[in-house]
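Take 2 as the starting number for the sequence shown in our numbering and just add one per residue.
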Amino acid sequence: MEEMILTGSNEQEQFYKKKFYFSYSGLNKLLYSPAAFYNHYVLNQREDKKDAHLVGGSVLHCLLFEPDAYDDKFMSMPGKFPTDSQRKIIDNIFKIHCEIGNNSLLLEDYSQDILTQLLTTNLYQALKTDTQRLEKILTEENKEYFEFLKSSIEKTIVDQPTLESCKAQVEILKSNRDIRALLQLDKTEEDDHIEVYNELYIQMNHDKLPFGLHGFLDNVVVDKESKTIFVNDLKTTGKSIQDFPEAVEYYKYWIQAVIYLVLAAEKFLKDEPNRHEWNIQVTFIVIDKYNLVYPFQVSEDSMSEWKQDFKKVLDIASWHYQNKKYNLPYDLAVGNVKL
């Protein structure tokens, strides 16, 4: 089979000029589709908008772990978004004209562009006049949405139902006794043997790898008395909570668990003379679509098995990274797959 030639040599050259740090999402994307990894990280061709469920997850994390940062990261929109078809038109107008800094005009000032896009998308073409078509788009609600877009540049837009749902989930999580204990929400000044870190960023180099590892850890509790580091990661799921163990395998959350354990050890135990006496406990705190909550602790046996599997993942990542080949998943690229 003739190897696919990847374009973007200049971007690739820039990518390899500086050291790359793999996160869980980066490794997962590389394993699933090296070409998608190449487009996202090497060519820097990234999606403009997050899916709705990803926005909800980000909002929930922010409200629980760093509520003071909400206004810096998100923009709450009163009411609901326009309909999907209308929103695409308005989003396109905003992207073409306003993201480059031209924020002075109103939505109605782009009437000709709106009519062109309506024609292109075959929307409202059954109506007899352009005036009637424009009336469908130039509603007060849509004008408000357009002004909202202009004021939310570099922020993620959150509709009111999503925000209210996330607020309700935060209260449910905070009302759970086990979760409060895990996250140390009731820590007092007298608990000076306990340190709590939320949204902790850790980056590390590896002597035997051409790249490093990094990640944001949702919640880390360091208990100096019991010599235990608790790494807690919040997960939302659209399925029932009892199905989460299947998701660990399907979404390869076990890779995330290992990375977070390695990063926590690097951050807190690297210079600890008695590091062998310490234990690191990784827990996935899961809330499902019915707002049921359960903390899934990772057992020592599972973590031991995942560590061995993670070594294979790093070998695969090293092969792609060093050979600069991103056209096929590893097993296909080296001819390991036969029917």
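For each residue, glycine too, the CB sits at the ideal point set by N, CA and C.
Residue i - DSSP class collapsed to helix/strand/coil
i    : result
V43  : helix
V335 : coil
K156 : coil
L235 : strand
N104 : coil
L128 : coil
T229 : strand
N220 : strand
L214 : strand
S26  : helix
F82  : coil
S10  : helix
F21  : coil
Backbone CA spacing between residue i and residue j [nearest angstrom]
i    : j    : result
T132 : L124 : 14 Å
N220 : E200 : 6 Å
F16  : P330 : 20 Å
K228 : K188 : 17 Å
S34  : L135 : 42 Å
D332 : R47  : 26 Å
I6   : L214 : Confidence in I6 is poor, its pLDDT being 44 and thus under 50, which makes the residue's placement unreliable; the coordinate value appears in the next sentence. For I6 and L214, the distance between alpha carbons rounds to 28 Å.
I115 : S77  : 25 Å
E247 : K209 : 32 Å
K339 : L108 : 56 Å
N337 : P274 : 44 Å
Q170 : V283 : 22 Å
K240 : L106 : 44 Å
I281 : V159 : 35 Å
W279 : T84  : 54 Å
E267 : D69  : 28 Å
E148 : D310 : 50 Å
H54  : H207 : 34 Å
E145 : T163 : 18 Å
H277 : Y295 : 30 Å
E4   : N328 : Note that E4 scores 45 on pLDDT, short of 50, meaning its location in the model is unreliable; the coordinates nonetheless yield the value given after this. In a straight line, the C-alpha of E4 is about 7 Å away from that of N328.
I97  : D73  : 24 Å
Proximity below 8 Å, CB of residue i to CB of residue j
i    : j    : result
I91  : N11  : no
I288 : L174 : yes
C167 : L61  : yes
S59  : T122 : no
L120 : Q126 : yes
F75  : C63  : yes
W320 : W255 : no
V197 : F269 : no
G27  : Y39  : no
I341 : I94  : Given a span of 2 to 340 for the chain in the structure shown, any question on residue 341 remains unanswerable.
K236 : H194 : no
Q204 : Y22  : yes
L32  : I317 : yes
K1   : Q13  : Here the chain covers residues 2 to 340 and nothing more, so residue 1 does not appear.
F341 : F212 : Residue 341 lies beyond the stretch modelled for the chain, which goes from 2 to 340, so this question has no answer here.
I154 : Q87  : no
Member of the options whose CA lies at the smallest distance from the CA of residue i
i    : options                : result
S305 : N104, I260, D72        : I260
P232 : G216, N275, S176       : With the sequence shown as reference, residue 232 is identified as Val, and Pro is not the correct amino acid for it. It is G216 whose Cα lies nearest to the Cα of V232.
Y71  : D85, E226, V56, F82    : V56
L184 : Y202, E165, P211, L218 : L218
A265 : D179, I230, D272       : I230
I242 : D234, Q87, Y291        : Y291
D234 : D244, A258, Y252       : A258
V249 : T117, E67, P162, S303  : S303
Y25  : I154, Y252, Y327       : Y252
The ligand SAM heavy atom lying under 7 Å from the CB of residue i
i   : result
I91 : Because no ligand of any kind appears in the structure shown, any question about the ligand SAM cannot be addressed here.
For the region 247 to 333, list the beta strand (DSSP E) runs that are entirely contained and at least 3 residues long, ordered along the chain.
280 to 288, 294 to 298
Please give me, in chain order, every unbroken run of the beta strand (DSSP E) with length at least 3 that falls completely inside the region 145 to 200.
157 to 160
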